[in-house]
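Contents: one structure, followed by commentary.
There are 2 protein chains.
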Amino acid sequence: MLLCPARRDNKESVNVEIINTGTEILLGNVLNTHLGFLAQELFPIGLRVQRQVTVPDGDAIREALVESFARAEIVLVTGGLGPTTDDITREVTAELLGVEMEFDADVMHAIELRFARRNLAVTERVKRQAQVPRGATILPNRNGTAPGLYFPQSENRNPHLFLLPGPPRELRPMFTDSARPILQKIASSEIAVGCRSYRLAGLGESQVEHLVGEALLAIPGLELGYCARAGEVDVRCLGAADVLEKAHAVVVAKLQPYLVSDDGGSIEQTVVETLVARRAKLAVAESCTGGALANRITNVSGASKTFLAGFVTYANEVKTNALGVEPALLSEYGAVSREVAAAMAEGALKNSGADFALSTTGIAGPTGGTAEKPVGTVFIGIAFKGAPTEVEQHLFATDRETFKQLVTQTALDLLRRNL
Amino acid sequence: MLLCPARRDNKESVNVEIINTGTEILLGNVLNTHLGFLAQELFPIGLRVQRQVTVPDGDAIREALVESFARAEIVLVTGGLGPTTDDITREVTAELLGVEMEFDADVMHAIELRFARRNLAVTERVKRQAQVPRGATILPNRNGTAPGLYFPQSENRNPHLFLLPGPPRELRPMFTDSARPILQKIASSEIAVGCRSYRLAGLGESQVEHLVGEALLAIPGLELGYCARAGEVDVRCLGAADVLEKAHAVVVAKLQPYLVSDDGGSIEQTVVETLVARRAKLAVAESCTGGALANRITNVSGASKTFLAGFVTYANEVKTNALGVEPALLSEYGAVSREVAAAMAEGALKNSGADFALSTTGIAGPTGGTAEKPVGTVFIGIAFKGAPTEVEQHLFATDRETFKQLVTQTALDLLRRNL
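For the protein sequence lines, the chains are A and B, in the order given.
When we follow this note's numbering, the leftmost residue of the first sequence carries the number 805, and every step to the right adds one.
When we follow this note's numbering, the leftmost residue of the second sequence carries the number 805, and every step to the right adds one.
Pasting the structure below:
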């Protein structure tokens, strides 16, 4: 990661801290994915996490809250909102803020509805979750019982405080639906600047910096940030409207071919939306990515308007039966080859009636590599209705899941560039 | 998360804290895997992490060290040992401990050897890494330039302090080879405790607690934890060997039908390993899960020994062409129906030559629901060679990605129960 050093000390940003509670994180049983998720959600709205702490369930939350209250303008706490005796985040917060706990009939009603749908009895323990510190705004929980809570910044200089549930499937939609809009308002009033995130594919972070860094740094009043992930780079611009306009002109002029979205949207979203707008249909044929490519495409709501079929052809016989790949091709060139990648894409196109088809065949590892085709070798194909098939060769020597991520990213970008 | 409250205050352990430095972690760019690695390495030698903090590169490290010095007996710091101006962990530590920086000829020699092997010139910046605070023990770095450093607990009550490099491929071997033996000596007086994690499917957290909670709490010396995720629950037992044996007997007696693994392994791993051991072959036919089921299965290394094919049949025509689902069935019952789920599983079995085939067809949402079949409705089928097909109906009303997670979890558990 690289931040424009000239802007580093120019601390016009709001101080955000995250407190994660959970003994299972400190035991190494569960990876803390909250920090990554929240940081990536906060980045596009101009907020940056300055400090994160993990404490065990129970009393340690109190000390962590006291420390963060003294430093931060925004504090996000995860976990400790459940029904058990260790879940004391609500109570500790009420005590620190000096407010009473109150029974909230709406929260209770939501809990009762949830339990009724599942034919479960509401126990006394569960009812605890309807006790809410006075003055809190309820953040509804679509996927669980305990609601999130938001306490606005108060006169006696408490920070904006968000209490969020521990399970990611409860926290994530709650954050996106209810907490982020509040944070967006806080961020825009505090820093009085706009924010724009560009997502780029097919370039590394240093290449992006090389292409636009100097021109962007020359714009007075622009705060610049880069964030690199597997196969993609985000460029974030913070500044007044006229500053952002200048930055936009630079980004578009220099980076257009690599620009996936100018709102931080994912490459699969861009690809699906473009295909739907053109009424074009898509199919995929996967070997080494094992369904990961279809999975990313179908994560986009509305994918069914363009996505017809995915063929996950792990076994050679299935490549032949489902996609019509000639056995002679498999025995002559091997399953991991330019020729088979082309035949797979063409087979998927033909058998589904799609306008575009992508294919992947490679060696995800950790075993299966050879001297000629080491672990990480992959061929990615694209077939078109009425145009010659193309195949790219890459080498992604990494762990199995990162390999799938990089191959699907590269395949989606190959399609994007051809749309 | 729930911990047995009776054991919580029994604080017989040494207080260990971890300080992770790295702006890239706080930006969500890189997942913090150090905590998980270190916690799992520390646990078997009787040490537990009580607190973990992430601070940006630069001055924030000072404040974090001061805080941890006041609380902990052992402090592990990761990152900030490199050659750039932001890497100040060494200097801040020397200042806090009140010792001078000294040039270490052995460290310099190791750096020069490393650079010579790569035909690189040793710059002044790089030479900084041979400056070592007086009194530090060098922890050699097999995979990088900057050595780790260990400062023993001193009379003026500083903790045992370990400075470790940021890149995991440098930190991990260094920790195992050099830091862990020192920590083992420090911890040698501690009671040896073990840890065992059981993964369960098909039960909620409260149901698991209802079945085993009382019996487990009755075992003296056992610390108990639950952790719930979408469609699965982990039960964690901590204690001496004889205590864990008693707990194991209880878990097996009460939870056997739901037990996915007794080492925390995933359901896809259990399913793949069982299939491979039986030399049985698997295929899947997916509609609503859009490749997510094949993706989970192929995340397991060695999946190619059992997994033959996945058919992601989003469009009705593809259900007919690729799986032989009768158009009459689709028009009479609809694509989301018990009948089509059965036909999809049977088609996947037949077209791939597998022994088992799973199918999914449902409404992931957010659109596409009806009064009769609301968003979240799903039919999950399993077809066998030589036995009648089974279909289950479920309702998972949640967001699109959690829906996929719950459906694939339920499908994998349906297969597990049939193996």
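Every residue gets a Cβ at the ideal spot worked out from N, C-alpha and C, and that includes glycine.
Everything numeric in this text was worked out from a predicted model, so none of it was measured.
Please confirm whether residue i has its beta-carbon closer than 7 Å to some beta-carbon of chain B.
i, result
"residue 828 of chain A", "yes"
"residue 843 of chain A", "yes"
"residue 1119 of chain A", "yes"
"residue 1102 of chain A", "yes"
"residue 1010 of chain A", "no"
"residue 1211 of chain A", "no"
"residue 1003 of chain A", "no"
"residue 1091 of chain A", "no"
"residue 1111 of chain A", "yes"
"residue 902 of chain A", "no"
"residue 1135 of chain A", "no"
"residue 1065 of chain A", "no"
"residue 1108 of chain A", "yes"
"residue 857 of chain A", "yes"
Return no unless some Cβ of chain A is closer than 7 Å to the Cβ of residue i.
i, result
"residue 1073 of chain B", "no"
"residue 1234 of chain B", "The structure shown has nothing for residue 1234 of chain B, since chain B only spans 805 to 1223."
"residue 1183 of chain B", "no"
"residue 1220 of chain B", "no"
"residue 808 of chain B", "Confidence at residue 808 of chain B is low in this model, with a pLDDT of 25, below 50, so the placement of that residue should be treated as unreliable; the coordinate-derived value is given next. Answer no: the Cβ-Cβ gap between residue 808 of chain B and chain A never drops below 7 Å."
"residue 811 of chain B", "The pLDDT assigned to residue 811 of chain B is 27, lower than 50, so where the model puts this residue is not dependable; a value taken from the coordinates is nonetheless given after this. No, no contact with chain A."
"residue 926 of chain B", "no"
"residue 982 of chain B", "no"
"residue 1018 of chain B", "no"
"residue 1034 of chain B", "yes"
"residue 881 of chain B", "no"
"residue 923 of chain B", "no"
"residue 1116 of chain B", "yes"
Hey, quick one: how far does the beta strand (DSSP E) through residue i stretch, first residue to last?
i, result
"residue 1038 of chain A", "1036-1043"
"residue 1090 of chain B", "1086-1090"
"residue 878 of chain A", "878-882"
"residue 998 of chain B", "998-1005"
"residue 966 of chain B", "964-968"
"residue 1193 of chain B", "1191-1199"
"residue 1164 of chain B", "1160-1166"
"residue 1182 of chain B", "1181-1188"
"residue 1116 of chain B", "1111-1117"
Between which two residues does the alpha helix (DSSP H) containing residue i stretch?
i, result
"residue 980 of chain A", "Careful: residue 980 of chain A lies outside any alpha helix (DSSP H) and carries neither H nor E."
"residue 941 of chain B", "Premise fails: residue 941 of chain B lies in the beta strand (DSSP E), 941-943, not in any alpha helix (DSSP H)."
"residue 1132 of chain B", "1131-1137"
"residue 1011 of chain A", "1009-1021"
"residue 914 of chain A", "909-921"
"residue 872 of chain A", "864-875"
"residue 1156 of chain A", "1142-1156"
"residue 1101 of chain B", "1096-1102"
"residue 929 of chain A", "928-931"
"residue 895 of chain B", "893-901"
Rounded to whole angstroms, how far is the Cβ of residue i from the Cβ of residue j, which I believe are closer than 8 Å?
i, j, result
"residue 969 of chain A", "residue 998 of chain A", "About 31 Å; that fails the 8 Å criterion."
"residue 1146 of chain A", "residue 1185 of chain A", "5 Å"
"residue 1151 of chain A", "residue 1129 of chain A", "6 Å"
Could you please give me the residues that DSSP links to residue i through a beta bridge?
i, result
"residue 1033 of chain A", "A:1036"
"residue 954 of chain A", "A:941 and A:966"
"residue 825 of chain B", "B:859"
"residue 1065 of chain A", "A:1003"
"residue 1028 of chain B", "B:1041"
"residue 852 of chain A", "A:819"
"residue 936 of chain B", "B:906"
Give the interface partners of residue i over in chain A, defined as CB-CB distance under 9 Å, in chain order.
i, result
"residue 1202 of chain B", "946, 947, 973 and 977"
"residue 1156 of chain B", "1119, 1121, 1122, 1125 and 1126"
"residue 1160 of chain B", "Result: empty, since nearest Cβ-Cβ is about 14 Å, beyond 9 Å."
What residues of chain A sit near residue i, judged by a beta carbon separation below 7 Å?
i, result
"residue 1206 of chain B", "947 and 973"
"residue 1029 of chain B", "827 and 828"
"residue 860 of chain B", "854"
"residue 840 of chain B", "832 and 835"
What does residue i touch in chain B if you count any residue whose Cβ is under 7 Å from its own?
i, result
"residue 1070 of chain A", "Ordered by position in chain B, no residue passes the 7 Å Cβ test against residue 1070 of chain A, which lies about 12 Å from the chain."
"residue 952 of chain A", "Neighbours of residue 952 of chain A on chain B: none; closest Cβ ~15 Å, over 7 Å."
"residue 1099 of chain A", "1094, 1095, 1096 and 1099"
Strictly below 9 Å CB to CB, what residues from chain B border residue i?
i, result
"residue 1024 of chain A", "Within 9 Å Cβ-Cβ: nothing; residue 1024 of chain A doesn't reach chain B, min ~24 Å."
"residue 1105 of chain A", "1168, 1169, 1170, 1171 and 1204"
"residue 1056 of chain A", "None at all; the shortest Cβ gap to chain B is about 24 Å."
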